[in-house]
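Here is the structure we will look at, set down as structure tokens.
Residue numbers (mature numbering (1 follows the signal peptide of the UniProt record, and there is no 0)): -17 to -1, 1 to 542.
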């Protein structure tokens, strides 16, 4: 008997003592340790410097006098101060639009709530697609994808029935759900540790069945699952599409879908379930499930460059649409190109935390290798191409028209007479370019072995009103290499101020192909000097250098 009494006295002393405090019994201790008069707690005015006398944790179970209005967080203000245009509750709940709606505009408010929903429903969600009933409003369960059916704006004016618990948002749940270790309020306010630990500090809970005294718990645990989200992650209820706040709690048995905001990419499973306080796929909700990524760099699509990407010490495909933060992009000159300067051979870039490619070292300036034949294929002229014309719009039969010379990966020069049959608008679609020198006609739907290129534009340029050339721009560039590369153009060709320069040369060129280029070999490379304009003349390429440079400027890429 004495032992039981001593045990009871011990328990009572634990309850009475509570945490160490310097405040008297008629005072309230603020969270920062200050003491204020106990009557000032939850009076609608923040008397504590830190405002802790007017927060939900302190005021959640306050009962206001009849002539007082209970603020949403639990504070009490004189009733005559409601709907006076001023915020007397710091959470503005005394000016809630539904609370203050007079008889004249209450119907207008209700109609606005219902929106375009039928009379069967009372509330239209913000997504403009979902509707909920009166019974679903402020019931503690989220029915709108954005949770607006349980928001303070809607629920701040609600009155909870006797025996229920009022959530911080204003929603009402069964009073027995308070501190039951399952989140029932949409904002989780029924399981706030500061509230639930104080409720645990009672004699029946402290006294064990054996009569021994157990210490009150120091940590409040629930069956909910914590979100370990980082920037960029979005976690939604799989069925209602409600978005949980970052670093919040997900109720037990809830299935969630994980998505990433723009600029992030998800790694791991995108569906998970909270099961008795643990995630079914625990690893998939660890930090970094949404990784900052960079879009594919335009450098990768530049034919003058060869690229390599490295992430976590492993080579990855640079052509992926998204590359993870920290990926290194290495850039050097691609096949058929060489660096203009020996001092700048390699560019370095990295995907930074902002999802942008940061330039560590600039890319080399790469120029095409021109006028060089392959020593393994000396009989092949790599800058020669063939232009074929489609015979009709119905059958894809192509016939030989002329030859041309590659000037850049995008531009070919040939004789203007090659296109004397340009009889309709958009005639360029009736022509195609084949790599190499060929004269055998073909059908596009049959095996022909030609590497074909579509023409984007045919630009006829004129010098001195009589001499003409055709500059062809490709839709997609030539991929340069030993068997496909441009001819060289000398710098001196850009200066044609000498009036004595002979542009047109007469002669018999019937044995040569229309558009065929004529070259000279000097300094171990071939340079274009003329092209065959007709059976009786050839033109000096120098006459068209200005037009060529203009076309080159239009097609150059410099990411």
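Positions of the beta carbon are idealized from the N, C-alpha and C atoms, including for glycine.
Residue j beta carbon less than 8 Å from that of residue i
i           : j           : result
residue 566 : residue 457 : The structure shown does not extend to residue 566, since the chain is modelled only from -17 through 542, so no value can be given for it.
residue 497 : residue 398 : yes
residue 391 : residue 282 : no
residue 419 : residue 368 : yes
residue 372 : residue 413 : yes
residue 318 : residue 463 : yes
residue 162 : residue 122 : no
residue 260 : residue 206 : yes
residue 469 : residue 340 : no
residue 262 : residue 255 : yes
residue 354 : residue 512 : no
residue 276 : residue 305 : yes
residue 40  : residue 139 : no
residue 333 : residue 311 : yes
residue 10  : residue 35  : no
residue 100 : residue 83  : no
residue 78  : residue 70  : yes
residue 522 : residue 516 : yes
residue 491 : residue 520 : no
residue 216 : residue 180 : no
residue 389 : residue 447 : no
Assumed close pair residue i, residue j - CB separation to whole angstroms, cut-off 8 Å
i           : j           : result
residue 169 : residue 224 : Between residue 224 and residue 169 the Cβ distance is about 14 Å, and since that is not below 8 Å, they are no contact.
residue 234 : residue 337 : About 35 Å; that fails the 8 Å criterion.
residue 416 : residue 395 : 6 Å
residue 316 : residue 289 : 7 Å
residue 352 : residue 320 : 7 Å
residue 208 : residue 232 : 7 Å
residue 294 : residue 307 : 5 Å
Cβ neighbour criterion (16 or more within 10 Å) applied to residue i
i           : result
residue 53  : buried
residue 172 : buried
residue 347 : buried
residue 272 : buried
residue 296 : exposed
residue 32  : exposed
residue 532 : exposed
residue 236 : exposed
residue 459 : exposed
residue 7   : exposed
residue -2  : Residue placement at residue -2 is poorly supported in this model, since its pLDDT is 41, which falls under 50; the coordinates are not used for a value here.
residue 500 : buried
residue 481 : Note that residue 481 scores a pLDDT of 48, beneath 50, so its modelled location is shaky; the value from the coordinates is reported in the next line. Residue 481 comes out exposed.
residue 472 : buried
residue 284 : exposed
residue 103 : exposed
residue 441 : buried
residue 526 : buried
residue 504 : exposed
residue 44  : exposed
residue 91  : exposed
residue 210 : buried
residue 76  : buried
residue 524 : buried
residue 298 : exposed
residue 387 : buried
residue 453 : buried
residue 493 : exposed
residue 135 : buried
residue 167 : buried
residue 93  : exposed
residue 22  : exposed
The ligand GDP heavy atom lying under 7 Å from the CB of residue i
i           : result
residue 372 : Because no ligand of any kind appears in the structure shown, any question about the ligand GDP cannot be addressed here.
Please confirm if the segment 419 to 439 is in contact with the segment 373 to 392, defined as three or more CB-CB distances below 8 Å between the two stretches.
Taking one beta carbon from each stretch, the segment 419 to 439 and the segment 373 to 392 have 3 or more pairs nearer than 8 Å; the two touch.
Between the segment 382 to 398 and the segment 325 to 341, do three or more beta carbon pairs fall short of 8 Å?
Fewer than three pairs of CB atoms, one per stretch, sit closer than 8 Å, so the segment 382 to 398 makes no contact with the segment 325 to 341.
Could I get the ranges of all uninterrupted beta strand (DSSP E) runs contained in the segment 368 to 408, with 3 residues as the minimum, in chain order?
Counting only runs of 3 or more, we get 380 to 389, 394 to 398.
Looking at C-beta atoms only, is the number of pairs between the segment 47 to 62 and the segment 16 to 28 that lie closer than 8 Å three or more?
Taking 8 Å as the limit for Cβ pairs, the verdict is that the segment 16 to 28 does touch the segment 47 to 62.
Identify every run of the alpha helix (DSSP H) within the segment 69 to 110, keeping only runs that are complete inside it and at least 4 residues long; order them along the chain.
Here the runs fully enclosed are 89 to 97.
Counting Cβ pairs closer than 8 Å, one from the segment 126 to 140 and one from the segment 222 to 236, do we hit at least three?
Contact holds: three or more Cβ-Cβ distances are below 8 Å.
Would you say the segment 104 to 113 touches the segment 44 to 52, given that touching needs at least three Cβ pairs under 8 Å?
At 8 Å Cβ cutoff, the stretches do not touch.
Minimum length 4: unbroken alpha helix (DSSP H) runs contained in the segment 7 to 55:
Within the segment 7 to 55, the complete alpha helix (DSSP H) segments at least 4 residues long are 39 to 42, listed from N- to C-terminus.
Just to confirm the assignment: which complete beta strand (DSSP E) runs, minimum length 3, are found wholly within the segment 450 to 511?
List check, beta strand (DSSP E) in window: 450 to 457, 487 to 489, 500 to 505.
Counting only runs that start and end within the segment 110 to 164, where is the beta strand (DSSP E) found for 3 or more residues in a row?
Runs found: 147 to 149, 155 to 157.
Can you give, in chain order, each stretch of the beta strand (DSSP E) that sits fully within the segment 212 to 270 and has at least 3 residues?
Within the segment 212 to 270, the complete beta strand (DSSP E) runs of at least 3 residues are 216 to 220, 238 to 243, 247 to 249, 254 to 258.
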